[in-house]
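Beneath this line is the structure, given in structure tokens, with notes to follow.
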Amino acid sequence: MEKHFDPNNIETKWYQTWENQGYFKPQNNDAEPYSIMIPPPNVTGSLHMGHAFQDTIMDTLIRYNRMQGKDTLWQPGTDHAGIATQMVVERQLAAKGLSRHDLGRDKFIDKIWEWKEESGGTITKQLRRMGASPDWSRERFTMDEGLSNAVKEVFVRLYEEDLIYRGKRLVNWDPVLHTAVSDLEVISEEEQGNLWHLRYPLTDGSGYLVVATTRPETMLGDQAVAVHPDDERYQHLVGQTITLPLVNREIPIIADDYVDKEFGTGCVKITPAHDFNDYEMGKRHNLELLNILTIDAAINENAPEKYQGLDRFEARKQIIADFEELGLLDSIKPHTLMVPRGDRSHSVIEPFLTDQWYVAVEELAKPAIDAVKNGDIQFVPKNWENTYFEWMNNIQDWCISRQIWWGHRIPAWYDDNGNVYVGRDENEVRQKHNIDASVSLRQDDDVLDTWFSSALWTFSTLGWPEQTPELAKFHPTSTLVTGFDIIFFWVARMIMMTLKFTGEVPFKTVYVHGLVRDGEGQKMSKSKGNVLDPIDLIDGIELEDLVSKRTYGMMQPEKAAKIEKATRKQFADGIPAYGTDAIRFTFASLASTGRDIRFDLNRAEGYRNFCNKLWNATRYVLMNTEGYDTGVDESLAIELSLADRWIISRLQEVETEVAKHFDSYRFDLAANTLYEFTWNEYCDWYLELAKPVLNSDNSSDAAKRGTRRTLVRVLEAMLRLLHPIVPFITEEAWQAVAPLAGKNADTIMLQAYPQADSRKIDTAAVAELEWVKQFIVGVRKIRSEMDIAPSKALPVLLAGLNEQDQTWLSNNQLYLQSLAKLESITVLENEADAPESAVALVGEMKVLIPMAGLIDKEAELARLNKEITKLQGEIKRLSGKLSNEGFVAKAPAQVVETERKKLSDYQTALTNLEAQYEKIQQL
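Residues 1 to 923 in full-length UniProt numbering are what the sequence shown spells out, letter by letter.
Next up, the structure:
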């Protein structure tokens with residue numbers, strides 16, 4: 001092994017080997033199956049922190065189950081991402097002065113396929129960099145032929161059962177993209193606007209009602225004014241009418257429990273065709289649905305001529321001006337509101353009345369609810385079941401049509417009379433309905449919502465509707481790993497569709513993880529300069545490259561400047577290279593049951609240090625075992641030291657603990673257990689405890705053989721334990737260690753995951769070794785507190801020994817003298833005979849180190865007093881700063897929190913120094 005750990009030298013090499021050798025494919029047809037379907041990332045996408053976290057968890061599960069001997073399938077694939085992909089190619093055409101309409105539908109679709117072949121594999125390349133081990137030979141795409149056939153099959157069957165229908169309803173409409181969009185594609189953000197109070201005259205001339213609105217332009221389509229039925233101010237007006245200003249249309253005053261008496265004036269304008277809540281109220285009161293917008297969100301022919309053709313915001317200005325001129329503008333008040341914008345176009349989304357295709361989901365929802373209630377599907381953590389039930393019990397029919405060209409075109413055809421026919425293709429339609437070839441048929445221009453094909457993902461990727469061997473073996477899949485934000489959009493729909501078409505649940509467990517945020521718990525956003533690219537974390541990136549990557553030419557200069565400033569502040573020294581394993585370990589350590597995942601670069605640095613520690617420990621073991629007898633020949637006698645028996649025993653306990661954590665999806669606890677065992681017990685303690693045996697001339701060949709065997713066998717098992725989380729470093733190290741442990745195989749990937757052997761647990765050895773550790777730690781603590789050089793050999797006096805202490809002392813002189821660096825060990829008959837000493841406790845036994853000649857008491861007290869005075873000054877300064885209300889109120893929260901952390905650290909340090917001062921003073 002190389003002297004220094006360099007991830008770049010091993011990651012590409014091993015990944016290519018694994019993939020080329022076919023290790024990612026199912027290996028054993030006779031074994032128990034274990035399968036995961038990757039949540040298909042957008043074909044336009046690139047790896048972000050959420051992907052990297054999620055894929056690390058999936059790969060850890062796959063590698064863990066593969067090593068347990070299960071026949072594993074991790075099914076990869078990408079989603080065609082209808083709107084996103086179409087926008088990418090449309091931008092390319094726009095750069096050439098063309099639009100998709102210039103090409104026509106067929107040629108435009110050809111262009112998208114060309115782009116997909118050339119540039120659509122970015123994210124799959126990045127997944128390889130993360131060490132993901134899916135069966136790439138089975139990679140699927142939601143627009144490939146097999147999945148397209150599955151989509152058509154499902155659509156036709158649902159239509160034939162009257163579970164798909166076409167109807168005119170209110171949808172989220174993007175006026176730039178000219179399509180309906182799902183709730184997930186609508187980003188509602190807080191913005192500053194106004195609340196306009198408008199006067200609506202009563203038709204009988206007796207006065208007016210004042211209504212408040214944030215969208216005055218929609219008043220052109222008002223159909224009623226609503227009040228609460230218990231509102232005494234307006235009860236006498238219910239049933240009367242107002243005359244709608246500018247339109248001169250009489251509309252009724254109605255009573256509805258939905259109205260909040262306390263908000264505004266208690267009067268609400270009702271526009272059923274342009275507001276989702278108004279739409280529901282309109283249905284309750286049989287109000288007309290009057291659409292007053294075009295697909296571009298301009299005013300249409302249903303409004304007075306004066307406003308027709310005006311953009312909605314231009315119309316707003318004109319309407320307000322006209323109300324003011326008529327004396328009907330009551331007031332304008334600043335108002336903070338949530339504005340819905342399209343995540344792709346950034347335009348304000350409009351509730352819009354259009355003809356769309358829908359899935360009637362009530363019948364599909366019932367078995368999907370039961371599947372979770374009866375335990376066929378389990379959510380981890382379990383509390384996410386409540387979120388699932390809340391949505392499923394209030395589910396609305398699903399709008400599945402989109403007015404774009406890229407996607408699965410709806411398999412419906414129309415004749416010249418408007419009759420609709422549904423079939424898998426036009427030939428089937430003509431045969432089924434006896435339609436002569438002379439009759440012209442036109443296919444529906446709309447495509448299906450991307451989530452429709454994704455809902456079939458667990459079974460369509462395995463070959464359905466064909467009954468393939470893969471479908472029989474790997475379905476239902478074992479685990480779904482997903483974020484909580486798509487429980488509604490994807491998880492629930494997969495459950496409904498899969499139960500409907502396979503009679504099986506799609507997966508047995510849904511592991512729901514949180515969203516990755518920065519170290520301060522803030523959402524990652526470009527404007528904050530806190531967005532991290534996982535590949536940058538793996539490879540490292542210089543500050544200037546990071547700035548240029550984040551602020552590119554198409555961006556508005558003001559926005560680019562803001563992002564550049566935030567980036568320079570956040571990453572003044574750029575981002576160092578951490579390597580894949582360190583990033584994966586960081587993700588695993590953060591995979592708790594919480595809603596948020598705080599990614600802190602300090603933790604990534606800590607796990608990079610862990611990888612270095614493991615690398616150096618492996619090199620040390622190799623230097624002390626290569627070319628020596630490591631006990632491979634089991635016929636030769638071995639003798640196990642106390643340390644050998646202790647580390648072997650602890651290994652069994654760790655194996656049990658890690659398996660329990662993996663099986664309960666507590667990756668954070670598994671990572672922490674492995675970290676503690678590797679760093680603290682194996683590297684820091686066992687390697688040191690092995691030295692006295694290996695280096696002593698008094699050690700027998702059997703003892704040295706036993707220690708060398710333990711060194712390599714525990715390390716080899718430890719590498720297998722770690723492999724699912726940190727695959728690259730463990731493979732490289734295992735290749736060197738395995739032969740010394742008597743193993744000859746091509747890869748660690750296909751080795752058995754370690755399982756505990758209770759017969760190897762030696763509780764007596766664990767107890768005795770813990771006593772040894774306490775003894776050594778006690779001496780080291782005194783050294784540290786008294787500032788005694790580590791190289792200085794110390795005399796130790798012992799008092800208060802019981803019989804057990806006497807035995808363990810006798811057994812472990814070599815360990816104690818070597819690791820605690822002792823000159824001598826003397827047992828006192830009477831503690832009163834001890835000179836002035838520093839004391840440490842090991843149980844009830846006292847470990848005393850005489851101070852005479854070891855420290856200059858007065859000089860040490862003076863040094864400590866100087867440090868104490870300095871800390872007291874810092875604490876006073878920070879306390880004053882944090883008690884300043886102006887500073888706390890005006891400074892960024894991150895700065896205030898940093899100062900509070902400093903104060904806490906200083907106070908802890910002061911407490912420790914004062915205790916040390918008092919201890920030395922008493923000597």
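Don't be surprised by glycine CBs; every beta carbon is placed ideally from N, CA and C.
| message | In the DSSP output, what is His197 paired with across the bridge? | response | Paired residues: Ala212 and Ser331.
| request: Using the DSSP secondary-structure output, state which residues sit across from Ile486 in a beta bridge. | output: Beta-bridge partners assigned by DSSP to Ile486: none are found.
| What distance in whole Å lies between the Cβ atoms of Ile400 and Trp357, which are believed to be in contact at a cut-off of 8 Å? | 5 Å between Cβ atoms; contact.
| field | Beta-bridge pairing of Met338 - partner residues as DSSP gives them | value | In the DSSP output, where bridge partners are listed per residue, Met338 has Glu190.
| said: In this structure, how does DSSP classify Glu301 when only helix, strand and coil are distinguished? | reply: The three-state reading of DSSP puts Glu301 in coil, since its state is none of H, G, I, E or B.
| Counting pairs of Cβ atoms below 8 Å between the stretch 449-456 and the stretch 1-17, do you hit three or more? | The stretch 449-456 vs the stretch 1-17: no contact.
| query | Since Ala315 contacts Glu217 with CB under 8 Å, what's their CB separation in whole angstroms? | reply | For Ala315 against Glu217, the beta-carbon gap comes to about 5 Å, under 8 Å, which counts as contact.
| If we ignore side chains and look at the alpha-carbon of each, how far apart do Trp74 and Asn65 end up? | Each residue's alpha carbon lies about 11 Å from the other.
| message | Buried or exposed, going by whether 16 or more other CB atoms sit within 10 Å of the CB of Asn830? | response | Per the 10 Å Cβ criterion, exposed.
| query | Is it a yes or a no for the stretch 371-391 touching the stretch 421-429, going by three-plus beta-carbon pairs under 8 Å? | reply | No, the stretch 371-391 is not in contact with the stretch 421-429.
| request: Would you tell me roughly how many angstroms separate the C-alpha atoms of Phe276 and Pro351, rounded to the nearest one? | output: C-alpha separation (whole angstroms): 7 Å.
| request: Jot down the residue ranges of each uninterrupted beta strand (DSSP E) in the stretch 411-482, minimum 3 residues, whole runs only, in chain order. | output: Taken in chain order, the complete beta strand (DSSP E) segments of 3 or more residues contained in the stretch 411-482 are 412-414 and 420-422.
| query | Over what stretch of residues does the beta strand (DSSP E) that includes Phe587 continue unbroken? | reply | Element bounds for Phe587: not the beta strand (DSSP E) but the alpha helix (DSSP H), Thr580 to Leu590.
| request: Taking the CB atoms as reference points, tell me whether Val839 and Leu848 lie closer together than 8 Å. | output: Between Val839 and Leu848, the C-beta gap is smaller than 8 Å, which places the two residues in contact.
| request: From the DSSP output, in three-state form, read off Asn698 for me. | output: Coil.
| request: Could you say which of Ala717, Val505, Leu590 and Ser440 lies nearest to Ile377 if we only look at CA atoms? | output: Ranked by Cα distance from Ile377, the first of Ala717, Val505, Leu590 and Ser440 is Val505.
| field | Anticipated Cβ contact below 8 Å, Ala150 with Trp464, distance rounded | value | About 6 Å separates the beta carbons of Ala150 and Trp464, which is inside the 8 Å limit, making them a contact pair.
| Which class does Asn393 belong to by DSSP, given the choice of helix, strand or coil? | Residue state, collapsed to three classes: coil.
| request: Go ahead and label Asn530 buried or exposed: buried means 16 or more other beta carbons lie within 10 angstroms of its beta carbon, across all protein chains shown. | output: Burial is judged here by how many other beta carbons sit within 10 angstroms of a residue's own beta carbon; Asn530 has at least 16 and is buried.
| Sorted by chain position, which residues of the same chain lie with C-beta nearer than 6 Å to Phe587's C-beta, five sequence neighbours on each side aside? | If we look at Phe587 and ignore the five residues flanking it on each side, its Cβ neighbours are Phe53 and Thr56.
| request: Apply the 10 Å Cβ neighbour rule to Phe662 and answer buried if 16 or more other Cβ atoms are within range, or exposed otherwise. | output: Buried, by the Cβ-count rule.
| query | By how many angstroms is the C-alpha of Gly519 removed from the C-alpha of Glu653? | reply | Straight through space, the alpha carbons of Gly519 and Glu653 are spaced by roughly 33 Å.
| request: Just confirm the distance between the C-beta atoms of Ile123 and Pro41, as a whole number of angstroms; I'd bet it's less than 8 Å. | output: With 8 Å as the limit, Ile123 and Pro41 qualify as a contact, their Cβ atoms being about 5 Å apart.
| query | So which of Phe484, Ser440, Asp296 and Arg284 has the shortest CA-CA distance to residue 1002? | reply | With the chain running from 1 to 923 in the structure shown, residue 1002 is simply not present.
| message | Cutting at 7 Å between CB atoms, please list the residues of its own chain near Gln755, excluding the five before and the five after it. | response | Here the set comprises Glu655.
| request: Flag this pair as yes or no: are the beta carbons of Val43 and Gly120 separated by less than 8 Å? | output: Going by C-beta atoms, Val43 is nearer than 8 Å to Gly120.
| task | Please look up how many angstroms separate the CB atoms of Thr294 and Asp222, rounded, as I've assumed it's under 8 Å. | result | Not confirmed; about 18 Å, so no contact.
| In angstroms, rounded to a whole number, what distance separates the CA positions of Leu364 and Lys500? | Answer to the nearest angstrom: the Cα atoms are 7 Å apart.
| Beta carbon of Gln403, beta carbon of Asp446: below 8 Å? | The answer is yes: Cβ separation under 8 Å.
| query | Helix, strand or coil: which one does DSSP assign to Ile648? | reply | Secondary structure at Ile648: helix, using DSSP grouped into helix, strand and coil.
| message | Buried or exposed for Phe313, going by 16 or more other Cβ atoms inside 10 Å? | response | Under this definition Phe313 is an exposed residue.
| query | Thinking C-beta only, is Val777 closer than 8 Å to residue 952? | reply | The question about residue 952 has no answer, for the chain in this structure spans 1 to 923.
| Any idea what DSSP makes of Ile36, helix, strand or coil? | Strand at Ile36.
| query | In terms of residue numbering, what span does the beta strand (DSSP E) encompassing Glu634 cover? | reply | Here Glu634 belongs to no beta strand (DSSP E), and DSSP marks it neither H nor E.
| query | Does the ligand SAM have a heavy atom nearer than 7 Å to the CB of Ser137? | reply | Only the bare structure without any ligand can be found here, which leaves the ligand SAM out of the picture.
| field | Backbone CA spacing between Tyr675 and Lys107 [nearest angstrom] | value | The alpha-carbon atoms of Tyr675 and Lys107 are separated by roughly 56 Å.
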